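For reference, the structure is listed below as structure tokens.
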Amino acid sequence: MGRRQARQTALQVLFQVDVGQTSLEDAFQASLSLFRLPPADEEFARTLADGVMAHRNRLDAIISQVSHDWRLERMSYVDRNIIRIGLYEMLVDGRVPPSVAINEAVELAKVFGGEDSWRFVNGILGEVARNQGKYIRQVTGRS
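If you want this note's numbering, it's the position in the sequence shown, counting the first as 1, plus 8.
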């Protein structure tokens, strides 16, 4: 459960920052006071949240390109941040294969998103995975 709990923590932190309630560090402190993570999982959660924030504009540009029916601003905070985490894992972090990043994002969407969120998340991330090289270059400048 460790990595999944770390992803959940990163999602909670990014959600709080996205709705403008707090800074990244304050959100981490609040989340970690409620849910203690082992050091390796805490580090992974921080890597995800810090990485998403560092690449947020480029990740959002990709979401906007791929999502034809939903503008970024219309997406729920939860869905938007789950997709950002999945994109970061697929395109920047690279610790897991795209299929794992997509599956983990879909599982987060099933727990935290709306009824059809998981389908939406799966569709966006699946489209990016099919053209992964193009999007890696767009986010990182490398192939």
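Every residue gets a Cβ at the ideal spot worked out from N, C-alpha and C, and that includes glycine.
Please read these numbers as outputs of a predicted model, since none were measured by experiment.
Leu116 versus Thr148: straight-line alpha-carbon distance, rounded: The sequence position of residue 116 within the sequence shown is 108, counting from 1. The sequence position of residue 148 within the sequence shown is 140, counting from 1. Looking at the two C-alpha atoms, the distance is approximately 25 Å.
Might you give, ordered along the chain, the residues of its own chain that have their beta carbon closer than 6 Å to the beta carbon of Ala57, omitting 5 neighbours on each side? The sequence position of residue 57 within the sequence shown is 49, counting from 1. For Ala57, same chain residues with a beta-carbon under 6 Å away, outside a window of 5 residues either side, are Ala18, Val21, Leu22 in chain order.
CB contact flag (Asp26, Asn89, <8 Å): Here residue 26 corresponds to residue number 18 of the sequence shown, with the count starting at 1. Here residue 89 corresponds to residue number 81 of the sequence shown, with the count starting at 1. Result yes, Cβ atoms of Asp26 and Asn89 sit closer than 8 Å.
For Gln13 and Gly102, what's the separation of their Cα atoms in angstroms? Looking up residue 13 in the sequence shown gives position 5. Looking up residue 102 in the sequence shown gives position 94. Going by the C-alpha atoms only, they are around 19 Å apart.
Gly131: first and last residue of the uninterrupted alpha helix (DSSP H) it sits in: Taking the first residue of the sequence shown as position 1, residue 131 is located at position 123. Counting along the chain, the alpha helix (DSSP H) containing Gly131 begins and ends at 125-138.
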